[in-house]
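**Student:** Handing you this structure, nothing more for now.
What follows is the structure in structure tokens.
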């Protein structure tokens, strides 16, 4: 297909595409490409959502609901661009010229909302800004009280305009301050039935109590002073955390400021097996929507499409839904044109259309593939055409050899206790694996093929199947399966094809094999004793395979150790390149309690604890040696998945330790003189490079697959209880809070510690 060739290969230029087409919702996270910000293609859904945000910021009424605004629900499948749109909205709101917007941003919530509030949301508040807003609100209450008299009407207007300090007005005119604060407290009780918040915010206006109220609002225990006023409970439950957020939105809204709460992956808030807890969160979310809307605030939620069915009708009525669609060929072409600018003509329309068809226009996949194709063209000075696209796809997605794929398939079959034959000929066609119900009986075949990228690839598979029309076939694709051809392939086979690189491949293959054999078995005329005998033989094969697998464990651990050491050496070399050597005689002028200031050390200790706990490897080893049911084989300590999980955990732990050492050395260098002095630009840039090195390395390690990797190590284990599932969910949430944006948080803490 040479018709889409360009005359000349692309010339060298800065890489214009994102290295990883995955956005994170954080105003502090830099984009990973060479440009300052990723391009935004205004598809109809995106344009509609942005128009609504612009209307909200401008104060224009919502045409569909002129009496009040609604929240925003952005839905779409994985990779469709929900997070990117949320980023664009956040950027627009943060840099709004009115400066009366107060955004709260929540990226991929994990754990209960009380934990999210304490660890993520309250840290985005400004203590003194909150104090000033409370003072503004107090001024409004006082103005309402003074407005009834002609003599004080001008004073009331001055209070509303912020000309006069309400406390000085009270003091000057001898007003009864306690009565006014009681009036303020009654106002605050309109939004929450919990008196603690109204009491606390009223006390915050008294200078000697302001610090105690702020600490309590952060989730800490109430001080003795606050307890004397009846504030004794913690903000430690999901309802109280939502209440705290609602009161803040209410206060800010009443004084002309607007609270905007943007939540990515909102559906994670509702995740979990506890139906009672899920129902409570749904009720709290609906109440939050009502308070935000009544206070002229805005809630923006991103979620998978299924969320719409799980929300109550009363909640959906308070939301405007924006459904994002895949790129069309023209929209993908526009993205490429924006990214390449003057070089766009070197990426012709033919390959763009081809990539759109391969990926079904899913932005994450399409943009990633465009970037990979362009990178290969730049590197090797090649023209961009469909042939290059296919070459790149095979290079990127056919990473496993056919021998590795065959070994994985064979392992799944053996683990299931099934008999099999490799490279077996059936009805004129050779299949990679034949799995019969019994010798010379019916069964299911497994065929392994390369990437299915075009119609010709699918037609070749069809020709092979025509030689055995009655054969039950499971197709395994070692590479990329074109989204445009997936359903056609499923229709040809009678079941969905399996892609080797898609997780969880082993479970899906085993499920298809056992389901097909069970269906075939149900159609055979076989007596029950024969069926029972075959199942007993299958269990014996499973046990024999388990014992054999255990014998191979020692050698695998040795190989794993060597690979882990090689990876660690590579990471430590990268870290050492950005370290600054200590000058001769430099003193370790830091806190006496350790090599790092307390706050910095806390960040690293919390991260290391999260890595150790996340995979649950310690629990897995303990459980493996616990008593098991007689005759039930267990192989938790002998699986590739377990070795992978252990390897990731060890590498990530060493990465954090090396990061900590590099930051400690930077701090010692910054403090080498006894007299404090401002940091130089070079020193700040060196620290940023250290933190960026950690972030870019950490992003490629599949840390949050640890738990699933460890769990797949135990296909014969008993079912996970609801308590265990909840525990894992909590552990995952705490780890996410400890590890997300660690580089950014360490950067801020280290700069604060180093500056005089």
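In this note's numbering, the protein residues as written are 23 to 778. Cβ atoms here follow ideal geometry from the backbone N, Cα and C, with glycine treated the same way. All values reported here derive from a predicted model rather than from experimental measurement.
Please tell me whether residue 515 and residue 531 are closer than 8 Å, where the distance is taken between their beta carbons.
**Tutor:** Residue mapping note: residue 515 aligns to position 493 of the chain shown, counting from 1. Residue mapping note: residue 531 aligns to position 509 of the chain shown, counting from 1. For residue 515 and residue 531, no; Cβs fall outside 8 Å.
**Student:** So, residue 406 versus residue 368, is the Cβ gap smaller than 8 Å?
**Tutor:** The residue given as residue 406 occupies position 384 in the chain shown. The residue given as residue 368 occupies position 346 in the chain shown. Yes; because the gap between Cβ atoms is below 8 Å, this pair is in contact.
**Student:** Is the CB of residue 346 under 8 Å away from at least one CB in chain D?
**Tutor:** The chain inventory of the structure shown lacks chain D, comprising one protein chain alone.
**Student:** By DSSP, does residue 443 sit in helix, in strand, or in coil?
**Tutor:** The residue you call residue 443 lines up with position 421 of the chain shown. Strand.
**Student:** Could you tell me which residues DSSP pairs with residue 94 in its beta bridges?
**Tutor:** In the chain shown, the residue the question calls residue 94 occupies position 72. DSSP output for residue 94 lists 322, 342 as bridge partner(s).
**Student:** Whether or not the region 505–515 and the region 363–383 are in contact is what I'm after, with contact meaning three or more pairs of Cβ atoms, one per stretch, closer than 8 Å; do they touch?
**Tutor:** yes
**Student:** Report the residue from 184, 160, 255 whose alpha carbon sits nearest the alpha carbon of residue 225.
**Tutor:** Here residue 225 corresponds to residue number 203 of the chain shown, with the count starting at 1. Shortest Cα-Cα distance from residue 225 to any of 184, 160, 255 involves 160.
**Student:** Looking only at its own chain, which residues have a Cβ that is under 8 Å from the Cβ of residue 434, when we skip the five neighbours before and after it?
**Tutor:** Looking up residue 434 in the chain shown gives position 412. So the qualifying residues of the chain are 528, 531, 532, 535.
**Student:** Does DSSP put residue 777 in a helix, a strand or coil?
**Tutor:** Your numbering for residue 777 matches position 755 in the chain shown. Three-state DSSP puts residue 777 in coil, outside helix and strand.
**Student:** Residue 480 and residue 511 - do their beta-carbons sit closer together than 8 Å?
**Tutor:** The count along the chain shown starts at 1 and reaches residue 511 at position 489. The count along the chain shown starts at 1 and reaches residue 480 at position 458. The answer is yes: Cβ separation under 8 Å.
**Student:** Which of the three DSSP states is assigned to residue 467 in this structure?
**Tutor:** Translated into the one-based positions of the chain shown, residue 467 becomes position 445. In the three-state scheme derived from DSSP, where H, G and I count as helix and E and B as strand, residue 467 is classed as strand.
**Student:** Would you call residue 92 buried or exposed, if buried means 16 or more other Cβ atoms sit within 10 Å of its Cβ?
**Tutor:** As a position in the chain shown, residue 92 is number 70, starting the count at 1. Classification of residue 92: buried, given that the 10 Å Cβ count is 16 or more.
**Student:** Could you round the C-beta distance between residue 522 and residue 499 to whole angstroms and report it? I think they count as a contact, below 8 Å.
**Tutor:** Taking the first residue of the chain shown as position 1, residue 522 is located at position 500. Taking the first residue of the chain shown as position 1, residue 499 is located at position 477. Going by Cβ atoms, the distance from residue 522 to residue 499 rounds to 7 Å, so yes, they are a contact pair.
**Student:** Any chance the region 272–287 sits against the region 314–333, with 3 or more Cβ pairs inside 8 Å?
**Tutor:** yes
**Student:** Can you name, in chain order, every residue of its own chain whose Cβ lies under 7 Å from the Cβ of residue 78, other than the five neighbours on each side?
**Tutor:** As a first step, residue 78 is located in the chain shown; it is residue number 56 there, counting from the start. Closer than 7 Å at the Cβ level, and outside the excluded window around residue 78, lie 91, 320.
**Student:** At the level of alpha carbons, what is the spacing between residue 702 and residue 719?
**Tutor:** Numbered from its first residue, the chain shown carries residue 702 at position 680. Numbered from its first residue, the chain shown carries residue 719 at position 697. Using only the alpha carbons, I get a separation of about 26 Å.
**Student:** Tell me, to the nearest whole angstrom, how far the beta carbon of residue 139 is from that of residue 257; I am working on the premise that it is less than 8 Å.
**Tutor:** The sequence position of residue 139 within the chain shown is 117, counting from 1. The sequence position of residue 257 within the chain shown is 235, counting from 1. Indeed, because the Cβ distance is near 7 Å, the residues count as touching under 8 Å.
**Student:** Out of 296, 230, 302, point me to the one whose CA is closest to residue 259's CA.
**Tutor:** The residue given as residue 259 occupies position 237 in the chain shown. Ranking the options by Cα distance to residue 259, first place goes to 302.
**Student:** Does the distance from the CB of residue 775 to the CB of residue 622 come in under 8 Å?
**Tutor:** Here residue 775 refers to the residue found at position 753 when the chain shown is read from its first residue. Here residue 622 refers to the residue found at position 600 when the chain shown is read from its first residue. A contact, by the Cβ cut-off of 8 Å.
**Student:** For residue 612, which residues of its own chain have a beta-carbon under 6 Å away from its beta-carbon, when the five flanking residues on both sides are left out?
**Tutor:** Indexing the chain shown from 1 puts residue 612 at position 590. Low confidence applies to residue 612: its pLDDT is 37, below 50, so where it sits in the model is not reliable enough to give any reading.
**Student:** Any idea if residue 283 is buried or exposed, counting beta-carbon neighbours within 10 angstroms, 16 or more meaning buried?
**Tutor:** One-based indexing of the chain shown puts residue 283 at position 261. When all chains shown are included, residue 283 counts as buried.
**Student:** Using C-beta distances below 7 Å, list every residue in its chain close to residue 371, excluding the 5 sequence neighbours before and after it, in chain order.
**Tutor:** By one-based count along the chain shown, residue 371 stands at place 349. Here the set comprises 355.
**Student:** So, with DSSP's three-state summary, where would you put residue 277?
**Tutor:** What you label residue 277 is simply residue 255 of the chain shown in a count that begins at 1. In this structure, residue 277 counts as coil in the three-state DSSP scheme.
**Student:** Leaving out the 5 sequence neighbours to the left and right, which residues in its chain are closer than 7 Å to residue 712 when beta-carbon positions are compared?
**Tutor:** Counting from 1 along the chain shown, the entry for residue 712 is found at position 690. 600, 684, 685, 688.
**Student:** Which runs of the alpha helix (DSSP H) spanning at least 4 residues fall entirely within the region 130–184, listed in chain order?
**Tutor:** Those alpha helix (DSSP H) runs which fall completely within the region 130–184 and span 4+ residues are 135–138, 149–168, 175–182.
**Student:** For residue 398, collect the residues of the same chain with a Cβ closer than 8 Å to its Cβ; drop the 5 residues on either side in sequence, then sort them by chain order.
**Tutor:** Locating residue 398 in the chain shown gives position 376, where the first residue counts as 1. Result list for residue 398: 404, 410, 413, 414, 417, in chain order.
**Student:** Determine, using beta carbons only, whether residue 142 and residue 347 come nearer to each other than 8 Å.
**Tutor:** By 1-based counting over the chain shown, the position of residue 142 is 120. By 1-based counting over the chain shown, the position of residue 347 is 325. No. Outside cutoff.
**Student:** Is DSSP giving residue 69 helix, strand or coil here?
**Tutor:** Within the chain shown, numbered from 1, the residue matching residue 69 stands at position 47. In the three-state DSSP reduction, residue 69 falls in the helix class (H, G or I).
**Student:** Check whether the Cβ atoms of residue 101 and residue 387 sit closer than 8 Å, and answer yes or no.
**Tutor:** The count along the chain shown starts at 1 and reaches residue 101 at position 79. The count along the chain shown starts at 1 and reaches residue 387 at position 365. Yes, the Cβ-Cβ distance between residue 101 and residue 387 is below 8 Å.
**Student:** Quick one: is residue 604 buried, meaning 16 or more other Cβ sit within 10 Å of its Cβ, or exposed?
**Tutor:** Translated into positions along the chain shown, residue 604 becomes position 582. Low confidence applies to residue 604: its pLDDT is 39, below 50, so where it sits in the model is not reliable, and the reading given next is rough at best. Under this definition residue 604 is an exposed residue.
**Student:** By the DSSP assignment, the beta strand (DSSP E) with residue 124 in it spans what residues?
**Tutor:** By one-based count along the chain shown, residue 124 stands at place 102. Unbroken beta strand (DSSP E) run through residue 124: 123–128.
**Student:** Around the Cβ of residue 390, are there at least 16 other Cβ atoms within 10 angstroms (buried) or fewer (exposed)?
**Tutor:** Taking the first residue of the chain shown as 1, we reach residue 390 at position 368. Burial call: buried.
**Student:** For the alpha helix (DSSP H) holding residue 454, just list the boundary residues, first then last.
**Tutor:** The count along the chain shown starts at 1 and reaches residue 454 at position 432. Note, residue 454: premise wrong, no alpha helix (DSSP H); beta strand (DSSP E) at 451–458.
**Student:** Pull up the distance between the alpha-carbon of residue 715 and that of residue 677, whole angstroms please.
**Tutor:** Working through the chain shown from its first residue, we reach residue 715 at position 693. Working through the chain shown from its first residue, we reach residue 677 at position 655. Going by the C-alpha atoms only, they are around 10 Å apart.
**Student:** Could you work out which residue in 249, 618, 448, 228 is closest to residue 157 when comparing CA atoms only?
**Tutor:** As a working mapping, residue 157 is identified with position 135 in the chain shown. It is 228.
**Student:** Indicate, with yes or no, if the ligand GDP has a heavy atom lying under 7 Å from the CB of residue 387.
**Tutor:** For the ligand GDP, the structure offers nothing, since it holds no ligand at all.
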